[in-house]
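**Q** Under the working numbering, residues 20 to 104 are what the sequence shown spells out, in order. Sharing a structure with you now.
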Amino acid sequence: MRLAAGKTEEAKSDLEAALLELDRRMNATSPDPSLLADRGMARELLGKKEEARKDYEQARDKGLTDEWVRDRIRLLKGTEDADKD
Numbered sequence: 020m021r022l023a024a025g026k027t028e029e030a031k032s033d034l035e036a037a038l039l040e041l042d043r044r045m046n047a048t049s050p051d052p053s054l055l056a057d058r059g060m061a062r063e064l065l066g067k068k069e070e071a072r073k074d075y076e077q078a079r080d081k082g083l084t085d086e087w088v089r090d091r092i093r094l095l096k097g098t099e100d101a102d103k104d
């Protein structure tokens, strides 16, 4: 909501807090795919695209089959390729 309302700093603060909470809930040896996808989204919104892509890929590899996750991976791979040019 805050991003949509143009409250960038407040949104960034909320996203950083969300990342801390997601990291706290994450099982290091076998992370939950839905938590990985959520963390990927938070990282993507913060502009951490490479980290987001890795989270999405891990979520997919752990069995999350949601189409939006595959779409985000494809989009971020395309962005990564464009950034290299």
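Cβ coordinates follow ideal geometry from the N, Cα and C atoms, glycine included. All values derive from a computational prediction rather than experimental measurement.
With DSSP run on the structure shown, which of helix, strand or coil describes K96?
**A** Three-state result, K96: helix.
**Q** Are the beta-carbon atoms belonging to L34 and L65 less than 7 Å from one another?
**A** Their beta carbons are under 7 Å apart, which means L34 touches L65 by this criterion.
**Q** Quick check on DSSP: helix, strand or coil for M60?
**A** helix
**Q** Would you report the Cα separation of R72 and E28, rounded to the nearest angstrom?
**A** 23 Å
**Q** Mapping the DSSP letters down to three states, classify T27 as helix, strand or coil.
**A** helix
**Q** Can you tell me whether DSSP reads K67 as helix, strand or coil?
**A** If DSSP states are grouped into helix, strand and coil, K67 belongs with coil.
**Q** Can you tell me which of A61, G82 and L55 puts its alpha carbon nearest to the alpha carbon of Y75?
**A** Taking only the C-alpha atoms, the option nearest Y75 is L55.
**Q** Apply the 10 Å Cβ neighbour rule to E69 and answer buried if 16 or more other Cβ atoms are within range, or exposed otherwise.
**A** By the neighbour-count rule (16 or more Cβ atoms within 10 Å), E69 is not buried but exposed.
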